[in-house]
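> If you scroll down you'll find the structure; I have some questions about it.
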Amino acid sequence: MNIRSKLPLFIAAAVALTTIITVSLSYLEAEQKVVEVQKEKLVAVRAAQSRAIVSYLSSIREELVIVAGNPATAEALEDIQAGFEELPQPTDYLQKLYITENPHPIGEKDKLGVASDGSNYSAAHQRWHPFFHDLQKRRGYYDVFLIDAKGTIVYSVFKELDFATNLLEGQWKDSDVAKVFRQSRAKAADDFITFSDFAPYAPSSDAPASFMATPIVVNGKFLGVLAFQMPIGRINAIMQAKDGMGVSGETYIVGTDFLMRSDSRFSQESTILHQRVETEGTRAALSGKEGVASLQNYRGIPVFSSFAPVDFEGVRFAVISEIDEKEVLAPVTATRNKLSVISAVILTVMVTFGLLFARSISKPLTTVANALLKLAEGDTSVDVQVRSRDEVGQVGLAFQTFKQRTIEIKRLEVEQVEREERAELEKKQAMLQLADSFEQSVGGIVSIVSAAATELEAAAQTLNASLEETNAQASTVAAAANEASANVETVATACEELAASVREIGQQVNQSSQISGR
Numbered sequence: 000m001n002i003r004s005k006l007p008l009f010i011a012a013a014v015a016l017t018t019i020i021t022v023s024l025s026y027l028e029a030e031q032k033v034v035e036v037q038k039e040k041l042v043a044v045r046a047a048q049s050r051a052i053v054s055y056l057s058s059i060r061e062e063l064v065i066v067a068g069n070p071a072t073a074e075a076l077e078d079i080q081a082g083f084e085e086l087p088q089p090t091d092y093l094q095k096l097y098i099t100e101n102p103h104p105i106g107e108k109d110k111l112g113v114a115s116d117g118s119n120y121s122a123a124h125q126r127w128h129p130f131f132h133d134l135q136k137r138r139g140y141y142d143v144f145l146i147d148a149k150g151t152i153v154y155s156v157f158k159e160l161d162f163a164t165n166l167l168e169g170q171w172k173d174s175d176v177a178k179v180f181r182q183s184r185a186k187a188a189d190d191f192i193t194f195s196d197f198a199p200y201a202p203s204s205d206a207p208a209s210f211m212a213t214p215i216v217v218n219g220k221f222l223g224v225l226a227f228q229m230p231i232g233r234i235n236a237i238m239q240a241k242d243g244m245g246v247s248g249e250t251y252i253v254g255t256d257f258l259m260r261s262d263s264r265f266s267q268e269s270t271i272l273h274q275r276v277e278t279e280g281t282r283a284a285l286s287g288k289e290g291v292a293s294l295q296n297y298r299g300i301p302v303f304s305s306f307a308p309v310d311f312e313g314v315r316f317a318v319i320s321e322i323d324e325k326e327v328l329a330p331v332t333a334t335r336n337k338l339s340v341i342s343a344v345i346l347t348v349m350v351t352f353g354l355l356f357a358r359s360i361s362k363p364l365t366t367v368a369n370a371l372l373k374l375a376e377g378d379t380s381v382d383v384q385v386r387s388r389d390e391v392g393q394v395g396l397a398f399q400t401f402k403q404r405t406i407e408i409k410r411l412e413v414e415q416v417e418r419e420e421r422a423e424l425e426k427k428q429a430m431l432q433l434a435d436s437f438e439q440s441v442g443g444i445v446s447i448v449s450a451a452a453t454e455l456e457a458a459a460q461t462l463n464a465s466l467e468e469t470n471a472q473a474s475t476v477a478a479a480a481n482e483a484s485a486n487v488e489t490v491a492t493a494c495e496e497l498a499a500s501v502r503e504i505g506q507q508v509n510q511s512s513q514i515s516g517r
């Protein structure tokens, strides 16, 4: 990989690494701060909602005590009870009169102020119904009950199936309203309050119902019980406040059975006693712990959740304030995305700059490299024009210097070759002269020796002829022949030695000729 490719990649990698680290650290820091702020806000909202619901329940308790202690309430109870006791089979009679034959539809039976039967009960009802009806409407209670000392609901605003029934022996003796009555009767103190948690209430078509009751006592005499059926709408209004909760946030109440005691603002149907919320937060709150955590809520959505227990009149609830993590982190995510886009633009610009910068460096370097290759091949005509004043320009100047030195080296090499050729020629000429001189010197000797050898050979031939002639006379001159034979052998040996000398001289002449030939 060449510099033209490496440099942009290096710049891109450096910018990308720097950007990733910067964006990641910024995101994590921003996320941490946003989460901390949101958790603090959730704690504040949950604490405010907890105080609000406790304050509201306390206000109901106070009002219950005040209304029960009002002489008008005791008078109303006695007046209505007296009329009730005058009726034959009062339960059937009153339910027929105020429920079955009530001209108003179910859910609006409270609009009937007086029946036209002319009884003392109806007269008492006409007298006191506006007072309790106004109390129920003004405060948002689901219902208001007057229960006599015998446990009979002699009056209720809403007129449901529990109206005119006995809570000690009747159909609803095991209901929560019967329980709070028995507890109030057992205590019989004018400041005693009993409270029941929400549970399905059959007379209200199994709708969730909670009751708060207190004894009606006059001069130490227990007359009966005043009971309120708790206002779900008001409780929902308090818990579903949206301030500080964004789009996905909500606050709700959970009972010890892990079922909601207030409606979720995200559900079209009532979630009270229907939606189970058994999360880390509810378990902690119902065990008496308070905190804030990141967890999955009852909808399976990751949320930030603030939780704490709330105790009221012996009943424990968990108050939960939650908001989706996605919503909380949305601004941080948006900022991260913007930074990512900006980083991508910066990266593109830097890569483009890197390409241009790499080209400004790699192009002259490539030119110098190609020129060096040609120069290495022996082409000294190549030239490089680099005018920059940076290191690349210095490389160009170095190339020019290297080129000049290369040319000078080639010139010196040529001169060296020429000198060596001249020296070799002079050496050859000297050797030839030496060979000629040696050849002339040896040639004379060879000629003399050759002539002597020729003469000796002729003498030997003559002697040999004489020997042949005298051979016939051998028998007569044997002694002379033996002596002559010895002389002949001596001469022959001398001839052989002379011939060997002639051959040796001939070899030396040939060697001299070869040396002179080189």
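The sequence shown maps to residues 0 to 517 in numbering that gives the first Met the number 0. Quick reminder that beta carbons are idealized off the backbone N, C-alpha and C, glycines included.
On a CA-only basis, which of Ile152, Ala185, Ala12, Arg233 is nearest Gln170? Give me that one, please.
Here the closest residue by C-alpha is Ile152.
> Given a cut-off of 8 Å on the beta-carbon distance, is the pair Ile234 and Met211 in contact?
Cβ atoms of Ile234 and Met211: not closer than 8 Å.
> Which residue or residues does DSSP assign as beta-bridge partners of Ile146?
For Ile146, which the question treats as bridged, DSSP gives the partners Ile152, Val224.
> Determine, using beta carbons only, whether Asp205 and Val156 come nearer to each other than 8 Å.
No, they are not a contact pair.
> In its own chain, which residues sit with a C-beta less than 8 Å from the C-beta of Glu85, not counting the 5 before and 5 after it?
Within the same chain, Glu85 has close Cβ partners Ser118, Asn119, Tyr120.
> Is Ala198 near the ligand GDP, in the sense that its beta carbon is under 7 Å from a heavy atom of that ligand?
Within the structure as shown, the ligand GDP is missing, as the structure has no ligands at all.
> How long is the line joining the alpha carbons of Val34 and Leu41, rounded to whole angstroms?
Between Val34 and Leu41, the C-alpha separation is close to 10 Å.
> What first and last residue would you give for the beta strand (DSSP E) that runs through Val321?
Here residue 321 is Glu; the residue named in the question, Val, does not match the sequence. It spans 314-323 - the beta strand (DSSP E) in which Glu321 sits, taken as one unbroken run.
> Pull up the distance between the alpha-carbon of Leu93 and that of His273, whole angstroms please.
About 34 Å.
> Give the secondary structure of Glu249 by DSSP, where H, G and I count as helix, E and B as strand, and everything else as coil.
Note: Glu249 maps to strand in three-state DSSP.
> Beta carbon of Val44, beta carbon of Ser293: below 8 Å?
Result no, Cβ atoms of Val44 and Ser293 do not sit closer than 8 Å.
> Determine the direct distance from the alpha carbon of Val179 to that of Lys186, and round the result to whole angstroms.
Rounded to whole angstroms, Lys186 to Val179 spans 11 Å at the Cα level.
> Should Pro70 go down as buried or exposed, given a rule of 16 or more other Cβ atoms within 10 Å for buried?
Exposed is the call here.
> Give the straight-line distance between the Cα atoms of Ala357 and Thr278, rounded to the nearest whole angstrom.
Cα to Cα, Ala357 sits roughly 59 Å from Thr278.
> Is it true that the CB of Gln48 sits closer than 8 Å to the CB of Ile322?
No, these two residues do not count as a Cβ contact at 8 Å.
> Starting from the Cα of Ala15, find the closest Cα among Gln506, Leu346, Ala499, Ala177 and give me that residue.
Nearest option by C-alpha distance: Leu346.
> What residues in its chain sit with their C-beta under 6 Å from that of Val487, if we drop five residues either side in the sequence?
Because the pLDDT at Val487 is just 49, under 50, the model does not fix this residue reliably, and the point stays unresolved.
> Mind checking whether Leu522 and Val394 have CB atoms under 8 Å apart?
Only positions 0 to 517 of the chain appear in this structure, which leaves residue 522 out of reach.
> Here's the rule: buried if 16 or more other CB atoms are within 10 angstroms of the residue's CB, otherwise exposed. What is Asp91?
Answer is exposed; the Cβ neighbour count stays below 16.
> Taking the alpha-carbon of Asp299 as reference, which of Phe352, Arg275, Tyr26 has the nearest alpha-carbon?
For the record, residue 299 in the displayed sequence is Gly; it is not Asp. The shortest C-alpha separation from Gly299 is found at Arg275.
> Should Asp175 and Ala201 be called a contact, given that it needs their Cβ atoms to be closer than 8 Å?
Cβ distance not < 8 Å, so Asp175 and Ala201 don't count as in contact.
> Under a three-way DSSP split, which group does Gln88 fall into?
Gln88 falls in the coil class under three-state DSSP.
> Indicate whether Ala73 and Val217 have their beta-carbon atoms separated by less than 8 Å.
Cβ atoms of Ala73 and Val217: closer than 8 Å.
> Checking the sheet assignment: what are the DSSP bridge partners for Pro301?
Pro301 is bridged to Gln295.
> Taking the C-alpha atoms as reference points, what is the distance between Asp189 and Leu225?
Going by the C-alpha atoms only, they are around 11 Å apart.
> Starting from the C-beta of Phe9, find all residues in its chain whose C-beta is less than 8 Å away, skip the five residues before and the five after it, and write them out in chain order.
Closer than 8 Å at the Cβ level, and outside the excluded window around Phe9, lie Gly353.
> Have a look at Phe227, Lys220, Ala163 and flag the residue whose alpha-carbon is nearest the alpha-carbon of Glu61.
It is Phe227.
> Please report the Cβ distance between Tyr26 and Val331, rounded to the nearest whole angstrom; I am assuming they are in contact, meaning their Cβ atoms lie under 8 Å.
6 Å between Cβ atoms; contact.
> Sorted by chain position, which residues of the same chain lie with C-beta nearer than 7 Å to Lys203's C-beta, five sequence neighbours on each side aside?
It should be pointed out that residue 203 corresponds to Ser in this sequence rather than to Lys. Excluding sequence neighbours, Ser203 sits near Glu159.
> State the DSSP-derived secondary structure class of Met543, mapped to helix, strand or coil.
With the chain covering only 0 through 517, there is no way to say anything about residue 543.
> Do you know whose CA, among Gln432, Thr351, Glu412, lies nearest Ala11's CA?
For the residues Gln432, Thr351, Glu412, the minimum Cα distance to Ala11 belongs to Thr351.
> Expressed to the nearest angstrom, what Euclidean distance is found between the alpha-carbon atoms of Phe265 and Val327?
Cα to Cα, Phe265 sits roughly 18 Å from Val327.
> Would Phe306 pass as a contact of Thr281 if the rule is Cβ separation under 8 Å?
Cβ distance < 8 Å, so Phe306 and Thr281 count as in contact.
> Can you pull the DSSP bridge partners for Arg275?
Bridge partners of Arg275: Leu258.
> Please go through the same chain and pick out, in chain order, the residues whose beta-carbon is closer than 7 Å to the beta-carbon of Ser247, but skip the five residues on each side of it.
Ile322, Asp323, Glu326, listed in sequence order.
> With a 10 Å radius around its C-beta and 16 neighbouring C-beta atoms as the bar for buried, classify Asn336 as buried or exposed.
Per the 10 Å Cβ criterion, exposed.
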